[in-house]
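Below: one structure, written as structure tokens.
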Amino acid sequence: GAGVSQSPRYKVAKRGQDVALRCDPISGHVSLFWYQQALGQGPEFLTYFQNEAQLDKSGLPSDRFFAERPEGSVSTLKIQRTQQEDSAVYLCASSSLHGTDAFFGQGTRLTVV
Amino acid sequence: GENVEQHPSTLSVQEGDSAVIKCTYSDSASNYFPWYKQELGKGPQLIIDIRSNVGEKKDQRIAVTLNKTAKHFSLHITETQPEDSAVYFCAASSNYGGSQGNLIFGKGTKLSVKP
Numbered sequence: 001g002a003g004v005s006q007s008p009r010y011k012v013a014k015r016g017q018d019v020a021l022r023c024d025p026i027s028g029h030v031s032l033f034w035y036q037q038a039l040g041q042g043p044e045f046l047t048y049f050q051n052e053a054q055l056d057k058s059g060l061p062s063d064r065f066f067a068e069r070p071e072g073s074v075s076t077l078k079i080q081r082t083q084q085e086d087s088a089v090y091l092c093a094s095s096s097l098h099g100t101d102a103f104f105g106q107g108t109r110l111t112v113v
Numbered sequence: 114g115e116n117v118e119q120h121p122s123t124l125s126v127q128e129g130d131s132a133v134i135k136c137t138y139s140d141s142a143s144n145y146f147p148w149y150k151q152e153l154g155k156g157p158q159l160i161i162d163i164r165s166n167v168g169e170k171k172d173q174r175i176a177v178t179l180n181k182t183a184k185h186f187s188l189h190i191t192e193t194q195p196e197d198s199a200v201y202f203c204a205a206s207s208n209y210g211g212s213q214g215n216l217i218f219g220k221g222t223k224l225s226v227k228p
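Chain order of the listed sequences is U and Y. Each residue of the first sequence is one higher than the one before, counting from 1 in our numbering. Each residue of the second sequence is one higher than the one before, counting from 114 in our numbering.
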């Protein structure tokens, strides 16, 4: 496709459930970023991939958060044992090397009940 | 690390007027400053960006200015239209050498353009 695609668009999880969020970046984009956006706030960095290598995971809030990009294209963000504070919109962005012209997907809105 | 402050948090203008949103950053190593527009229920959309070797950039009704000395950059929208109503985010990053270029965002400005 022409843009960054994320699925699902909406996810409701019961507290304690595991969830998996998918990102299909723009074809050929080397860099892939995950961001978390709380209601009324700007996006906050979670993790960064260059091709299949996860070069920075300093923004992941806890060890319940895990991301992968095994073939350097599609990425999955997994959250284990979800908590209420995990409720947010999770945004994926892709770009050419070094992050200029980053294009965002529509996000996945996660609600933990 | 980098910190980006954005003002105002809300801005209401009459259709046809200009709108200005201002941001400051803290890390002198930052060299890339994009602006994003986010409509309700959508992801941020890149509308304009500026690199540190340029002081001003224009694209139709939108312009961005950068003052590296003051670590300050601004978004200017002229002849505003109701469809400009959205939340606008400024961001900063460094992407030279081995830097990965993750963006540090401001808290956003909700712009309302009244017809």
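Glycine is no exception: its CB is placed at the ideal position from the N, C-alpha and C atoms.
(1) Using DSSP with H/G/I as helix, E/B as strand and the rest coil, what is residue 128 of chain Y?
(2) Relative to the C-alpha of residue 239 of chain Y, which candidate in Y:199, Y:155 and Y:164 has its C-alpha closest?
(3) Just by C-beta distance, which residues in the segment 31 to 45 of chain U are closer than 9 Å to chain Y?
(4) Taking the alpha carbon of residue 156 of chain Y as the point to measure from, which residue in U:111, U:107 and U:67 has its own alpha carbon closest?
(5) Closest Cβ-Cβ distance between residue 129 of chain Y and chain U: below 9 Å?
(6) Taking 6 Å as the limit between beta carbons, can you name the residues of its chain near residue 80 of chain U, skipping five residues before and five after?
(7) Applying the criterion that 16 or more other CB atoms from any shown protein chain within 10 Å of the CB defines a buried residue, is residue 168 of chain Y buried or exposed?
(8) What is the DSSP secondary structure of residue 84 of chain U, reduced to helix, strand or coil?
(9) If you follow the beta strand (DSSP E) that residue 117 of chain Y is part of, which residue opens it and which one closes it?
(10) Please list the partners that residue 101 of chain U has in chain Y, where partner means a Cβ-to-Cβ separation under 9 Å.
(11) Can you give me, in chain order, the residues of the segment 76 to 87 of chain U that have a beta carbon less than 8 Å from any beta carbon in chain Y?
(12) With a threshold of 6 Å on Cβ separation, who are the neighbours of residue 185 of chain Y within its own chain once the five nearest residues in sequence on each side are excluded?
(13) Using a Cβ-Cβ cut-off of 8 Å (strictly less than) and excluding sequence neighbours within five positions of residue 221 of chain Y, which residues of its own chain qualify?
(14) Fully enclosed by the segment 21 to 61 of chain U, which beta strand (DSSP E) runs are 3 residues long or longer?
(15) Using the DSSP secondary-structure output, state which residues sit across from residue 110 of chain U in a beta bridge.
(16) Note the first and the last residue of the continuous beta strand (DSSP E) segment covering residue 63 of chain U.
(17) Taking the continuous beta strand (DSSP E) assigned at residue 164 of chain Y, which residues delimit it?
(18) Is residue 71 of chain U helix, strand or coil when you go by DSSP?
According to the structure shown:
(1) Residue 128 of chain Y sits in coil when the DSSP states are folded into three classes, being neither helix nor strand.
(2) The requested residue 239 of chain Y is not part of the displayed model; chain Y covers only 114 to 228.
(3) Residues 31, 33, 35, 37, 40, 41, 42, 43, 44 and 45.
(4) Comparing Cα-Cα distances from residue 156 of chain Y to each of U:111, U:107 and U:67, the minimum goes to U:107.
(5) No, residue 129 of chain Y does not count as interfacial toward chain U.
(6) Excluding positions up to five away in sequence, the list reads 18 and 64.
(7) It counts as exposed.
(8) In the structure shown, residue 84 of chain U sits in a helix (DSSP, three-state: H, G or I).
(9) Boundaries of the beta strand (DSSP E) harbouring residue 117 of chain Y: 117 to 120, taken from the DSSP string.
(10) Neighbours of residue 101 of chain U on chain Y, chain order: 147, 159 and 162.
(11) Closer than 8 Å at the C-beta level to chain Y, one finds no residue of the segment 76 to 87 of chain U.
(12) Counting only Cβ-Cβ distances below 6 Å, and skipping sequence neighbours, we find 137.
(13) Contacts found: 119, 122, 151, 200, 201 and 202.
(14) Every beta strand (DSSP E) of 3 residues or more that sits fully in the segment 21 to 61 of chain U is shown, in chain order, as 31 to 37, 44 to 50 and 53 to 56.
(15) Within the DSSP secondary-structure output, residue 110 of chain U pairs in a beta bridge with U:11 and U:88.
(16) Segment: none, residue 63 of chain U is in no beta strand (DSSP E) and carries neither H nor E.
(17) In the DSSP annotation of this structure, the continuous segment of the beta strand (DSSP E) that includes residue 164 of chain Y starts and ends at 158 to 164.
(18) Looking at residue 71 of chain U - three-state DSSP - the assignment turns out to be coil, as it is neither helix nor strand.
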